[in-house]
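Chemist: Residue numbers (this note's numbering): 1239 to 1670. In this text, a Cβ means the ideal position worked out from N, Cα and C, and glycines have one as well. This is the structure I want to talk about, given as structure tokens.
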Amino acid sequence: MFVSENLDINNAGHLTIGGVDTVELAKEYGTPLYVMDEQMIRKTLRRFHDSMKKYYNGKGEVHYASKAFSCMEMCRVVASEGDGLDAVSIGELYTAYKAGFPMDKVGFHGNNKTDEELRFAVEVGVGHIIVDNISELHRLEAIAAEMQAKPDIMFRIKPGIDAHTHDFVKTGQIDSKFGFALETGEAFEAVKEAISCKNVNLSGLHCHIGSQIFDIAPFEEAARVMLGFIAKIKNELGFEVKGLNLGGGFGIKYLNEHDPAPFEVYLERVSGVVREECSKLGIELPAMYIEPGRSIAAPAGITLYTVGARKEIPNIRTYVSVDGGMADSPRYILYGSEYEAIVANKAKEERSEKVTIAGKCCESGDLIGENMPLQHAESGDIIAVCATGAYNYSMSSNYNRLQKPAVVFVNEGKSSVVVKRETLDDIIRNDI
Ligand code: LLP
């Protein structure tokens, strides 16, 4: 019945996450509330890095994509598991840095990095800067020279793969704002130039074909294309590319009918393709990096809301309104992304109705979802929306001057706040 394995029902008939009663959590911390299960995050990270070891002889690293969910405690958890991080802004870099994250295990992304961001990345010594375009290469070369540094870089390549996912989260095709194009020769010319740069060291190539992808085939295809390019660079320029970063994008189960392939299968198949192609093309096995974000954070999280108004519009629909909405859960209004929901205090009952869960923002499109199977929900009930650990807190806003909810981690039966709920004074903090 549940999309994530960390959800269950206790003797009181309440929904639990990581063994902790969600109704009690709502009482203790208030709603709306993001709840993340730390053990589940750790378990998923281990599944990724253990399979990397098993199927790729340990010649690889898992870099958690912190855009999915970033806060200092999350960075500490990832660091303590020995994994790396993908950061996409100075804000994500700063969060990791302040959390004491080993910055040499950070890849810094972005299609339009500012000079301030590049300087900061060089200053804190990130492991790789993933350069997106030629003007960034020139700017970074100048900044590194000025700082007397020689950062390792990777190039973001568009491998020309069209993954089957929502248009807004596709990134590997030629019509994309991200990266250097292969087809036009742009990527090859840029590699030539980078090799001759004095203040950057080209250490790898990167691609990311999109997000929430269920099929393994496009990932295999991307790996083939990238290795073909690495072979071309070796043959024509005599330069050996040492690292291959294949990005993230692994699909997860948001709805009961979703059936994504286990990550282990992905790693087994893609590692197989990389080994096969390398021996066919006569190139060294590169160090392999992957950047899963959603698959690590989403299944570990839920959002808890309290039901306020209920409106039954005969022959049309029933609205169940909650105390949050698009400000803390923007993915339905943005992408039409669907979730499973449960009335946490009635978790044992049948989900006998189909309702629209509406938020409290002043906007008709402010919905958590439509046609959602749910137990009969009334004012005061607690609704849990499942698998919200990724791209919810990280994409939240203060629309309507709402305060961002707290984030609570549960861990082995205990709970603690890792991000405080915003106060009304936080709302006016920067106002003059
Ligand atoms: N690496 C790069 C370079 C990326 O651009 C992304 C995601 C990832 C890794 C992680 O992908 P994941 O494993 O999380 O799928 N806001 C959208 C998703 C945007 C993803 C952007 N890039 C959503 O809520 O569905």
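(1) Look up S1653 in the DSSP assignment and say whether it is helix, strand or coil.
(2) Taking the DSSP output, what are the residues bridged to Y1559?
(3) Pop quiz: I1367 and A1359 are said to be a contact at Cβ under 8 Å. What is the actual Cβ separation, rounded to whole angstroms?
(4) The ligand LLP heavy atoms versus the CB of G1486: any closer than 7 Å?
(5) If you drop the 5 nearest sequence neighbours on each side, which residues of the same chain put their C-beta closer than 8 Å to that of E1431?
(6) Just to confirm before moving on: does the CB-CB distance between S1304 and D1321 stay below 8 Å?
(7) Three Cβ pairs or more, each shorter than 8 Å: is that satisfied between the segment 1253 to 1260 and the segment 1549 to 1562?
(8) Could you give the first and the last residue of the continuous alpha helix (DSSP H) run that contains I1471?
(9) Which runs of the alpha helix (DSSP H), 4 residues or longer, sit entirely within the segment 1524 to 1569?
(10) Taking L1519 as the reference, which of V1316, H1301, V1463, G1546 has the closest Cα?
(11) Considering only C-alpha positions, which residue in the set A1535, L1465, A1387 is nearest to S1517?
(12) When you compare only the Cα positions, how much space is there between E1502 and F1286?
(13) Identify which residue in P1500, M1526, A1499, P1498 has its Cα closest to the Cα of V1511.
(14) Take every Cβ of the segment 1288 to 1308, pair it with every Cβ of the segment 1557 to 1571, and state whether three or more of those distances are shorter than 8 Å.
(15) First and last residue of the beta strand (DSSP E) that includes V1344?
(16) Using a threshold of 7 Å, is the CB atom of H1496 nearer than that to any non-hydrogen atom of the ligand LLP?
(17) Quick one: does the C-beta of E1459 sit closer than 7 Å to a heavy atom of the ligand LLP?
(18) Per DSSP, Y1302 forms a beta bridge with which residues?
(19) Between M1341 and V1326, is the Cβ-Cβ spacing less than 8 Å?
(20) Relative to the alpha-carbon of S1671, which residue among P1498, F1477, K1470, S1434 has its alpha-carbon at the smallest distance?
(21) DSSP has V1645 in a bridge; who is on the other side?
(22) Do V1344 and L1331 have their C-beta atoms within less than 8 Å of each other?
(23) Are the segment 1572 to 1579 and the segment 1526 to 1536 in contact at 8 Å, needing three or more beta carbon pairs?
(24) Under 8 Å by Cβ, that's how I've got G1365 and D1390 pegged, so tell me the actual separation to the nearest angstrom.
(25) Determine the burial state of D1664: buried for a count of at least 16 other Cβ atoms within 10 Å of its Cβ, exposed for fewer.
(26) Should A1622 and A1536 be called a contact, given that it needs their Cβ atoms to be closer than 8 Å?
(27) Less than 8 Å separating the beta-carbons of I1521 and K1472?
(28) Whole angstroms is fine: what's the gap from L1640's alpha carbon to G1562's?
(29) Helix, strand or coil: which one does DSSP assign to A1628?
Modeler: In short, the structure shows the following:
(1) strand
(2) Note on identity: in this sequence residue 1559 is Ser, with Tyr being the wrong assignment. S1559 has A1596 as its beta-bridge partners, per DSSP.
(3) 6 Å
(4) It does: the Cβ of G1486 is within 7 Å (strictly closer) of some heavy atom of the ligand LLP.
(5) I1372, L1375
(6) no
(7) no
(8) 1455 to 1475
(9) Counting whole runs of 4 or more residues, the segment 1524 to 1569 contains the alpha helix (DSSP H) stretches 1532 to 1535.
(10) It is V1463.
(11) Closest option to S1517, Cα to Cα, is L1465.
(12) 7 Å
(13) M1526
(14) no
(15) 1344 to 1346
(16) no
(17) no
(18) L1323
(19) no
(20) Lying outside 1239 to 1670, the shown extent of the chain, residue 1671 is not represented and no answer is given.
(21) DSSP, once it has assigned bridges, lists Y1272, V1657 as partnering V1645.
(22) yes
(23) no
(24) The beta-carbon separation of G1365 and D1390, rounded to 7 Å, stays under the 8 Å limit for a contact.
(25) exposed
(26) no
(27) Taking 8 Å as the cut-off, the Cβ atoms of I1521 and K1472 count as close.
(28) 9 Å
(29) coil
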